[in-house]
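Same order as they appear, the protein sequences are chains V and G. Quick note on numbering: the first sequence equals residues 1 to 157 in this note's numbering. Quick note on numbering: the second sequence equals residues 158 to 447 in this note's numbering. Ideal Cβ placement from N, Cα and C applies to all residues, glycine included. None of these values were measured; they are calculated from a predicted model.
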Amino acid sequence: MKQQIEINVNGEVQPAIIEPFDTLLHTLRNELHLIGPKQGCDTGGCGCCTVLVNGESRYSCMTYTMTVADAEITTVEGLADGRNLDHIQQAFIDSGAVQCGYCTSGMILATKQLLSINSKPNDAEIRQGLAGNLCRCTGYHKIIEAVKLASGQTTGE
Amino acid sequence: MALTTLQGFSQPNSVEEAVAILQACQDSAMVIGGGTFIHGLVARGLVTDVEQLIDLSRLNLNHMTFDENVIRLGASTSFASLEASAEIQSISLLGALREAIAYPPRQVKNAATIGGGVAASCPYLDMPIAFLALDAMVCATGPDGTREFPIDELFVSLFETNLVPGEIITEIKVPQPSEQSASSFEKMETTANDLSIVSVGVRLSLSGGSQSGARIFVGGGIGEVPFRCCEAEAVLENSELNAEDIKRAATAAKGEIEPFSDHRASAQYRKHITGVLVRRCLARVANQLS
Chain V
1 MKQQIEINVN
11 GEVQPAIIEP
21 FDTLLHTLRN
31 ELHLIGPKQG
41 CDTGGCGCCT
51 VLVNGESRYS
61 CMTYTMTVAD
71 AEITTVEGLA
81 DGRNLDHIQQ
91 AFIDSGAVQC
101 GYCTSGMILA
111 TKQLLSINSK
121 PNDAEIRQGL
131 AGNLCRCTGY
141 HKIIEAVKLA
151 SGQTTGE
Chain G
158 MALTTLQGFS
168 QPNSVEEAVA
178 ILQACQDSAM
188 VIGGGTFIHG
198 LVARGLVTDV
208 EQLIDLSRLN
218 LNHMTFDENV
228 IRLGASTSFA
238 SLEASAEIQS
248 ISLLGALREA
258 IAYPPRQVKN
268 AATIGGGVAA
278 SCPYLDMPIA
288 FLALDAMVCA
298 TGPDGTREFP
308 IDELFVSLFE
318 TNLVPGEIIT
328 EIKVPQPSEQ
338 SASSFEKMET
348 TANDLSIVSV
358 GVRLSLSGGS
368 QSGARIFVGG
378 GIGEVPFRCC
388 EAEAVLENSE
398 LNAEDIKRAA
408 TAAKGEIEPF
418 SDHRASAQYR
428 KHITGVLVRR
438 CLARVANQLS
């Protein structure tokens, strides 16, 4: 039974028509046309659907939209300020941490969560913090460099 | 795959309201805590007839209180909030809980709840093993009021608990023994995203240099419900927890479990790994208590 709800995504309250069984990933991509969150494994393992719910990283593929209808959702589209990229996005570019790009939005949001609780993570803490996000291209090395750059631990030189 | 049989979604604001809704819906309803487990079941076609989901996240059951004799944890407490708690991080008794919640990725820790982790009655999950090792008690509220029972009574069989229709778990209590106690958890998986091959939770208590009341539980591919290694526990009664006793207990544990073979591991391999994990967990706990 479809119903209309209002959902706060990237600072904007928007109407969406959803089924009770719709996942947040489905609502974001198919209702709100935000295609930053990707569908990968669809069972809460690969991380490319990662979004922030009230600032906490969540797998949107295993989150029912109804459970977060009153929360503030952030997708990768909500990070930049106009044409000015978020410093984590910029660090991923500067470090060459993107290859095919499918995991990137999830990696960036997982990094956002990691740095919100640990502003200077070491290598092991970065690996642990991004353990819920798979990348099949980079071998993770450049991604870890990007997190260190974003957290001001390297200068990228 | 979506749960297309679903017709409604309830978000009760009180335990009483949740119980009333659950009672009215009978078998067609399913309760979710953080919702991390149901999606995997739906994706595998294991949930096909649920018409109502009842989301317990608004019941405010996320309290943590630390009394001298008992630690009380609200059923909706997320793994992330346990991890962020200074008390949870510092109480030596709770090692098994700390080590169990360290496994999942952050995205799961933010959503998954301790109540959901035990209510699923799935021996592959980590919460049952950790709380069994800690002798936890379950508080449940239903149409006939509130009751409290040892957590081993909760697990009747795979996906089946002793909860009566309309009953929900509201709290998990961990008693703090008067003796010096510590616990540990470890598991083996094929990949970080897979279910455990085997998992092990242990707790030991020392009084006057001798151990009493050991708890050794094994989960994973070992049966419908977690397995208690009574023979291994008996080996450690009155033990001084030397390496020889720990080895004997680990050998007893792998001898008494009856695991099965599947695509993840053979029964023989599960027995071997159980012995290894029991030995490691016991050695870690013995080291903390020495």
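Span separating the alpha-carbon of residue 239/G from that of residue 255/G: Computed Cα separation, rounded: 8 Å.
Sequence-distant residues of its chain with Cβ nearer than 6 Å to residue 293/G (five each side left out): 308, 329 and 331
Own chain, CB closer than 6 Å to residue 257/G, minus 5 neighbours either side, in chain order: Excluding residues within five positions, the ones whose Cβ falls inside 6 Å are 283, 287 and 342.
Proximity below 7 Å, CB of residue 372/G to CB of residue 290/G: yes
Close beta carbons around residue 113/V, own chain, < 6 Å, minus the five adjacent residues each side: 57
Sequence ranges, beta strand (DSSP E) only - wholly within the segment 265 to 350 of chain G, length at least 3: 294 to 299, 302 to 307, 312 to 314, 325 to 332 and 337 to 346
Distance CB(residue 101/V)-CB(residue 133/V) smaller than 7 Å: no
Range covered by the beta strand (DSSP E) that runs through residue 8/V: 3 to 9
Minimum C-alpha distance to residue 235/G - residue among 261/G, 164/G, 247/G and 223/G: 261/G
Neighbourhood of residue 353/G by C-beta distance below 7 Å, restricted to the same chain and skipping five residues each side: 281, 344, 345, 346, 376 and 377
Those residues which DSSP pairs with residue 230/G across a bridge: DSSP lists 221/G and 329/G as partners of residue 230/G.
Any chain B beta carbon closer than 7 Å to residue 57/V: Any reference to chain B falls outside this structure, whose protein chains are V and G.
Cut-off 7 Å between Cβ atoms - residues of its own chain near residue 68/V, not counting five sequence neighbours on either side: 24 and 53
Top-ranked residue by Cα proximity to residue 123/V, from 154/V, 48/V, 9/V and 11/V: Comparing Cα positions, the closest option is 154/V.
Straight-line gap, residue 264/G to residue 273/G (C-alpha atoms, nearest Å): 16 Å
Any 3 or more C-beta pairs closer than 8 Å across the segment 353 to 365 of chain G and the segment 420 to 439 of chain G: yes
Simplified DSSP assignment, three categories, for residue 357/G: strand
C-beta neighbour in chain G for residue 20/V, strict 7 Å: yes
Endpoints, the beta strand (DSSP E) within which residue 97/V is located: Residue 97/V -> no beta strand (DSSP E), and no H or E assigned at all.
Beta-bridge partners of residue 368/G, as assigned by DSSP: 363/G
Contact set between the segment 66 to 85 of chain V and chain G, restricted to residues whose Cβ is under 8 Å from the partner: 66 and 67
Beta carbon proximity, residue 39/V to chain G, threshold 7 Å: Not one chain G Cβ lies under 7 Å of residue 39/V.
Backbone CA spacing between residue 76/V and residue 51/V [nearest angstrom]: Each residue's Cα considered, the two are about 7 Å apart.
Beta carbon of residue 425/G nearer than 7 Å to that of residue 396/G: no
Where residue 263/G sits in the DSSP three-state scheme: Residue state for residue 263/G is assigned as helix, using DSSP reduced to three classes.
Neighbouring residues, chain G, relative to residue 43/V (Cβ below 7 Å): 196, 197 and 200
Strand pairing of residue 58/V, partner residues [DSSP]: 51/V
Rounded straight-line distance, which links the Cα of residue 90/V to that of residue 224/G: Each residue's Cα considered, the two are about 48 Å apart.
Of the residues 178/G, 190/G, 285/G and 427/G, the one placed nearest residue 315/G, counting alpha carbons only: 285/G
Delimiting residues of the alpha helix (DSSP H) encompassing residue 107/V: 104 to 117
CB contact flag (residue 249/G, residue 339/G, <7 Å): Contact flag set, yes.
CA nearest to the CA of residue 443/G, picked from 428/G, 389/G and 403/G: Comparing alpha-carbon positions, the option among 428/G, 389/G and 403/G lying closest to residue 443/G turns out to be 403/G.
Per DSSP, the bridge partner or partners of residue 214/G: For residue 214/G, which the question treats as bridged, DSSP gives no partner whatsoever.
Residue-level contact to chain V via CB, residue 164/G, 7 Å cutoff: yes
Enclosing alpha helix (DSSP H) for residue 176/G [first to last residue]: Counting along the chain, the alpha helix (DSSP H) containing residue 176/G begins and ends at 172 to 182.
Opening and closing residue of the alpha helix (DSSP H) in which residue 170/V lies: Any question about residue 170/V goes unanswered here, given that chain V covers just 1 to 157.
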